[in-house]
Structure formats: C-alpha cells, structure tokens
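**Q**
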Amino acid sequence: MRALLTSKWTKVALFLLCLVPLGALVWRGFRNGLGANPVEFIQLATGDWTLRFLVFTLCITPSRKLLNLPDLIRFRRMLGLFAFFYVCLHFLTYLGPDQSFDVAAMWKDVAKRPFITVGFLGFLLLLPLALTSTAGWIRRLGGKRWQTLHRAIYLAAIAGVIHYYWKVKSDVRMPLFYGALVAILLLWRLLDWYFKRRGPAGANLSPQRVPVNPAS
Amino acid sequence: MLIREAPDLTYADVTPQSVYVNRRRFLRDMGIVGAVAMAGYRFYDWAASPQPAYAAAKFDNLIKSSFSTTEKQNSFEDVTHYNNFYEFGTEKSDPAKNAQKFNTSKWVVSVEGEVAKPRKFTLDEILKIASLEERIYRHRCVEAWSIVVPWIGYSFSNLVKLVEPTPKAQFVAFESYYDPSQMPQARWAGIRFPYVEGLRLDEAMNPLALLCVGMYGESLPNQDGAPVRLVLPWKYGFKSIKSLVKIKFQSKTPPTTWNLAAPNEYGFYSNVNPNVDHPRWSQAKERRLGEIFKRNTLMFNGYGDQVASLYNGMDLKKYY
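Taken in order, these protein sequences are the chains called L and R.
With this note's numbering applied, the first sequence covers 717 to 932.
With this note's numbering applied, the second sequence covers 5 to 324.
Structure follows, in structure tokens:
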C-alpha cells in the first residue's frame with residue numbers, strides 16, 4: 717500500500733480521476749445527455765462535486781490516522797484544489813446563465829437571498845486557501861499560521877451544506893447526508909484535539925514517558 | 005474443584021505478527037477497494053442517461069384554440085423527462101423513470117360537495133363532456149423555469165356546469181391520486197400526500213382553466229399527470245394538479261399542499277408575478293428550457309388579458 721501511495725503515477729491517476737466528473741459533463745453535453753435544463757444540470761453537478769471534494773479533503777486527516785496511512789497527505793492539496801475547481805465552475809453557472817454576467821445584479825442577489833449569501837461565503841472562504849496552497853506560501857506564512865488559515869475549510873464545508881439545505885424545496889435527504897458526513901469529520905477532529913490535549917498529562921504516568929534520571 | 009489444564013499451546017502456535025498485521029491490512033485494503041468500486045458504480049449510473057419506453061393513445065380532430073401561443077414549443081422529450089411529480093421522486097428525472105408502471109386504468113373522478121348533481125366520472129365520460137381542443141400554453145414553474153406545451157382538453161367550466169354548484173360553492177378543492185404502494189418514493193418527498201390544491205370558483209370558471217387529458221396529440225404520459233389533470237397557465241405550475249381523482253365544491257378556502265408545507269413561500273393564489281419574489285429566489289426572470297440565459301417573466305405569465313380582472317382591487321403582494 718505504501719509503495720502505491722508514494723508512487724508518482726498514483727498522483728497522476730488521481731488527478732485524472734478527479735477530472736472524470738468534468739469529462740462526464742462534457743461527454744453528456746456532446747451526446748445531448750444533460751437533460752431538458754442543461755444549465756441546471758451542470759449547476760447541480762458541479763455543486764455536488766464541490767461538496768464531495770470538500771468531504772474527500774476532510775477525510776484525509778482522519779484516514780491517515782485511523783487507517784495508519786500517513787502517505788495519504790500527498791493527495792490532500794490536490795483534492796482541496798479540485799473542490800475549488802468545481803466551486804469555480806459552479807459559481808460561473810450562477811454568474812453567467814443565471815445572472816447574465818451582470819455583476820451588480822449578482823451582488824444584489826447575494827445580499828438578498830440567504831442561501832446564495834451562505835454559498836457565496838463558502839466560495840470566498842476557499843479562495844485564499846487555493847491561493848496559499850503552494851509550498852512557498854506555507855513557508856511565507858509559517859506552518860502554524862498556514863494551518864490556522866486552512867482550517868477555514870471547516871467553515872466552507874459547513875457553508876456548503878447550509879447552502880444546499882436552504883436551496884432544496886422539501887426533500888432534504890441529500891443535504892442532510894452531506895451534513896452528516898461533514899459533522900462526523902469535524903466531530904472526529906474535535907475529539908482528536910480533545911484527547912491530544914488531555915494526552916500529555918495522562919502520558920506522564922506511563923513508564924516509558926517518565927524521564928529517566930540516573931542521578932536520583 | 006476442577007482445574008482445567010492449559011491447552012497444549014506452544015510458542016509455535018502464536019500467530020506470527022506478519023500474518024495478523026497482514027489480515028488487518030488486507031481487511032482495510034479490501035474496504036478501500038470496495039468503497040472505490042461502489043463509488044465507481046454509482047458514478048457510472050449517474051453518467052449514463054436512461055431512456056424509458058412509453059406508449060400512448062392518439063387524439064384526432066382536435067379543435068385549434070384561440071388561447072394558443074405561437075411561441076416555439078418545447079420538445080416532447082423535454083416535457084416528459086423534466087418533471088416535478090413528487091409522488092414519483094423529487095429529482096426532475098425521477099417521474100420519467102418511476103411512473104412507468106403507474107396503473108391509470110379504471111380511473112374515476114369523484115365530484116362532490118356543494119353541487120346539485122354530485123357524481124363520479126369515468127375517464128371515458130370525461131373525454132366526452134366537451135370537444136377536445138389543443139391549447140399551446142406557456143407553463144411557468146415556481147422554480148423559475150418555463151416550457152411551452154401543446155396540451156389537450158377543454159375548459160374546466162364545462163364540467164362545473166354539469167354538476168351545478170349551489171350558491172354556497174365559493175371554492176373548488178382538488179385532490180391527486182395517492183397510492184403509497186405505487187408511489188414508494190413519495191415518502192421521501194417532504195410534503196404531505198395526497199396532494200391537494202384549490203381555486204376560487206370564479207378562477208375555476210375562467211375559460212383558460214383547462215381540464216387536460218393529453219399533450220402533443222396523445223394521451224398524457226404518466227409522469228405528466230395521467231390520465232387527467234388541470235392546467236392553469238397564469239399560475240405557478242404546482243397549482244396545476246396532476247392525476248386528479250377528487251373535485252369538491254365548498255364554501256371555505258381549501259388547504260393546498262405547498263402552502264401547508266411552507267406558508268411564507270407558497271400562497272393560495274400563486275399567480276405568476278415577476279414583482280413578488282419567492283423568499284429564496286427571484287421571480288423576475290425565468291429560464292425557458294432550451295435556452296441558456298433567462299428571459300423576463302410576464303405578469304400572470306402573459307395571460308393578464310384573460311385573468312387580471314379576477315384580482316381587481318387585491319393586493320397581490322399580500323395575496324401571493
């Protein structure tokens with residue numbers, strides 16, 4: 717497994733795999749497979765894939781620890797950037813076909829409608845994360861600050877779920893499904909953080925952590 | 005006291021670490037493989053577009069209606085594969101898939117309440133109440149999309165006259181067919197069934213109000229509300245109740261499904277009105293299926309000449 721995860725080709729394969737949803741949309745487009753309302757189809761699909769990639773990204777850290785596969789870190793940035801890629805497409809379907817590229821009208825709509833406001837907020841939150849996703853920016857910001865900034869993905873994921881929940885008319889199964897996934901992934905982090913904080917105090921009692929002092 | 009002797013296990017019987025570690029790793033890896041395979045299958049399902057078969061009866065000698073628009077009609081394919089019919093699922097593509105086996109034979113519509121002649125109509129009887137017309141109407145959904153459909157039917161008022169409403173009849177309540185065994189997806193819709201709708205009697209008597217039995221020269225496909233439905237082109241689509249089984253004349257305002265589900269979002273009247281937004285989205289524009297950019301929505305969906313007088317003196321922001 718380790719060799720597979722660290723192989724350069726795995727990364728290439730994953731990159732191509734992440735492009736498959738886009739490819740499927742293009743393929744459907746050429747085959748007249750986007751249904752009666754292609755704009756809406758693309759809008760819903762890119763929205764879905766944004767949430768999915770946010771969930772995939774949030775899965776990396778728990779999976780590394782629970783499955784003991786630390787090498788999974790190699791894919792986190794790519795998954796996060798694909799979430800950003802799909803949210804950009806999602807946003808473009810809104811700005812273009814829905815708002816006719818009328819930026820003034822768009823701002824009015826963003827301000828007026830809570831489900832748009834919260835969706836837009838999620839999009840804005842992902843913007844700095846995408847921009848500072850390079851190694852150079854990690855260096856410039858310093859690991860701690862960079863990590864704090866990138867915790868904004870938690871808020872973005874929550875915003876995405878609320879955006880979806882407020883958008884549907886009555887059948888809330890899918891928004892609740894994504895909500896549950898995000899809740900589990902964030903709760904795991906909370907518990908992990910809590911036990912880590914308590915960890916060192918408890919660990920002091922374990923014999924191997926007691927500093928050996930031959931002089932005493 | 006019986007003390008059992010320890011079983012004859014030697015160090016050689018201990019499972020080697022590599023084996024049990026491998027077993028765990030194997031289980032983990034199989035889990036990953038399984039999850040990936042499942043995701044792949046679901047994705048394939050999503051990527052392949054289904055095309056169900058469908059059979060219908062043809063109508064001949066349809067009268068052309070002066071209410072018809074000359075706008076470009078949407079394709080039969082669009083109108084039969086992009087439906088809101090929550091009894092058969094909440095995705096636009098669900099009704100086309102899930103309504104195929106819907107049994108509409110032996111259909112009966114019961115007319116009751118404040119009428120001199122309450123009675124039940126079979127579908128054959130309904131087809132003979134008045135001569136069938138083709139009416140090409142704009143149809144505007146509350147979700148801000150629209151279509152142009154050549155419906156078949158006649159003014160609902162023809163049926164009303166047959167049953168002779170009493171002076172107490174101020175409103176008409178409508179009810180859709182509901183059978184959970186034929187509509188298993190309905191339980192997830194998040195709205196109550198059977199679906200109910202209602203009109204003021206004068207609205208129901210307006211000649212635009214169509215009792216509809218077909219479209220595109222044929223009987224109604226199941227997903228479009230077979231075998232008989234209403235079409236009210238100046239109101240949002242959800243007012244045009246599908247698969248109609250009960251009509252009740254009454255003195256009180258009837259409850260309506262979407263109003264019960266979200267009273268601040270869907271009013272009793274639900275007339276198409278570009279000046280009164282849905283709380284969550286604008287109603288000023290709409291996307292005609294087949295077009296990319298949105299067009300302006302017309303007051304009463306462009307049927308103001310026929311229906312505006314019904315609402316004289318009413319504050320349409322209050323009675324949305």
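Backbone N, C-alpha and C define an ideal beta-carbon position, used for all residues, glycine too.
Note that the structure is predicted; figures quoted are calculated from it, not measured.
How should valine 112 (chain R) be labelled, buried or exposed, when 16 other C-beta atoms within 10 angstroms of its C-beta is the threshold for buried?
**A** Exposed: under 16 other Cβ atoms inside 10 Å.
**Q** Within 8 Å, do at least three Cβ pairs link the segment 198–207 of chain R to the segment 31–51 of chain R?
**A** These segments do not touch.
**Q** For alanine 60 (chain R), which residues from the same chain have a beta carbon less than 7 Å from its beta carbon, with the 5 sequence-adjacent residues on both sides left out?
**A** Here the set comprises Glu222, Ser223 and Pro225.
**Q** With a threshold of 6 Å on Cβ separation, who are the neighbours of valine 757 (chain L) within its own chain once the five nearest residues in sequence on each side are excluded?
**A** The residue you asked about is not valine; residue 757 (chain L) is phenylalanine in the sequence shown. Only Leu750 and Gly751 meet the Cβ criterion.
**Q** Could you check where the beta strand (DSSP E) with valine 803 (chain L) kicks off and where it finishes?
**A** Unbroken run through valine 803 (chain L) is the alpha helix (DSSP H), 792–809; no beta strand (DSSP E).
**Q** Roughly how many angstroms separate the alpha carbons of tyrosine 657 (chain L) and valine 280 (chain R), rounded to a whole number?
**A** Because chain L in this structure spans residues 717 to 932, residue 657 (chain L) falls outside the shown range and cannot be described.
**Q** Helix or strand or just coil, what does DSSP make of threonine 126 (chain R)?
**A** Threonine 126 (chain R): strand per DSSP, three-state reduction.
**Q** On a Cα-Cα basis, can you pick out the residue from R:Ala120, R:Phe242, R:Thr260 and R:Ile133 that is closest to cysteine 145 (chain R)?
**A** Among R:Ala120, R:Phe242, R:Thr260 and R:Ile133, the Cα nearest to that of cysteine 145 (chain R) belongs to R:Phe242.
**Q** For isoleucine 140 (chain R), I'd like the list of residues in its chain whose CB is within less than 6 Å of its CB, leaving aside the five on either flank, ordered along the chain.
**A** These residues qualify, in order along the chain: Ser72, Thr73 and Pro154.
**Q** Can you check whether the C-beta of serine 313 (chain R) is within less than 8 Å of a C-beta belonging to chain L?
**A** It does not: the Cβ of serine 313 (chain R) has no partner Cβ on chain L nearer than 8 Å.
**Q** Contact between the segment 162–177 of chain R and the segment 116–127 of chain R is defined here as three or more beta-carbon pairs at a separation below 8 Å; is this criterion met?
**A** Because the criterion of three Cβ pairs below 8 Å is met, the segment 162–177 of chain R and the segment 116–127 of chain R touch.
**Q** Any beta-carbon of chain R closer than 8 Å to the one on tryptophan 904 (chain L)?
**A** No, no contact with chain R.
**Q** Does the segment 866–879 of chain L touch the segment 810–827 of chain L, meaning 3 or more C-beta pairs lie closer than 8 Å?
**A** Too few Cβ pairs lie closer than 8 Å, so no.
**Q** Please look up how many angstroms separate the CB atoms of proline 211 (chain R) and serine 159 (chain R), rounded, as I've assumed it's under 8 Å.
**A** Right, their Cβ atoms sit about 5 Å apart.
**Q** I need the DSSP call for leucine 721 (chain L), collapsed to helix, strand or coil.
**A** Helix.
**Q** Using DSSP with H/G/I as helix, E/B as strand and the rest coil, what is lysine 246 (chain R)?
**A** Coil at lysine 246 (chain R), not helix or strand.
**Q** Which residues mark the beginning and the end of the beta strand (DSSP E) in which phenylalanine 175 (chain R) is found?
**A** Counting along the chain, the beta strand (DSSP E) containing phenylalanine 175 (chain R) begins and ends at 175–180.
**Q** Below 9 Å between beta carbons is the criterion; list the residues of the segment 878–911 of chain L that meet it against any residue of chain R, in chain order.
**A** Residues Trp882, Lys883, Val884, Lys885, Ser886, Asp887, Val888 and Arg889.
**Q** Would you mind telling me which residues of chain R sit closer than 9 Å to serine 816 (chain L), beta carbon to beta carbon, in chain order?
**A** The contacting residues are Lys289, Phe297 and Lys298.
**Q** Where does the unbroken beta strand (DSSP E) through methionine 219 (chain R) begin, and where does it stop?
**A** 214–219 is the extent of the beta strand (DSSP E) around methionine 219 (chain R).
**Q** Starting from glutamate 207 (chain R), trace the alpha helix (DSSP H) both ways and give me its first and last residue.
**A** First-last of the alpha helix (DSSP H) with glutamate 207 (chain R): 205–209.
**Q** Are the beta-carbon atoms of leucine 205 (chain R) and leucine 234 (chain R) separated by less than 8 Å?
**A** No, they are not a contact pair.
**Q** Along the beta strand (DSSP E) that carries leucine 234 (chain R), what are the first and last residues, could you check?
**A** 233–235 is the span of the beta strand (DSSP E), which, as asked, contains leucine 234 (chain R).
**Q** Exposed or buried, what is glycine 202 (chain R) when buried is set at 16 or more other beta-carbons lying within 10 Å of its beta-carbon?
**A** Burial call: buried.
**Q** Along the chain, where does the beta strand (DSSP E) that runs through serine 150 (chain R) open and close?
**A** Per DSSP, serine 150 (chain R) belongs to the beta strand (DSSP E) from 149–159.
**Q** Should leucine 783 (chain L) be flagged as near chain R, meaning a C-beta pair shorter than 8 Å?
**A** Output row for leucine 783 (chain L): interface = yes.
**Q** Does arginine 934 (chain L) have its Cβ less than 8 Å from a Cβ in chain R?
**A** Residue 934 (chain L) lies beyond the residue range present for chain L, which begins at 717 and ends at 932; the question has no answer from this structure.
**Q** Starting from glycine 317 (chain R), trace the beta strand (DSSP E) both ways and give me its first and last residue.
**A** Note, glycine 317 (chain R): premise wrong, no beta strand (DSSP E); not H, not E.
**Q** Can you grab the Cα-Cα spacing for the pair tryptophan 909 (chain L) / glycine 915 (chain L), in whole Å?
**A** Near 9 Å, if we compare the C-alpha coordinates of glycine 915 (chain L) and tryptophan 909 (chain L).
**Q** Between which two residues does the beta strand (DSSP E) harbouring valine 755 (chain L) extend?
**A** Careful: valine 755 (chain L) lies outside any beta strand (DSSP E), inside the alpha helix (DSSP H) at 754–782.
**Q** So is tyrosine 86 (chain R) in contact with chain L if we call contact Cβ pairs under 8 Å?
**A** For tyrosine 86 (chain R), the answer is yes, since a Cβ of chain L falls inside 8 Å of its Cβ.
**Q** Could you check whether the segment 793–805 of chain L touches the segment 767–777 of chain L, counting it as contact only if at least three pairs of C-beta atoms, one from each stretch, sit closer than 8 Å?
**A** Touching, yes, given that three or more Cβ pairs across the two stretches are closer than 8 Å.
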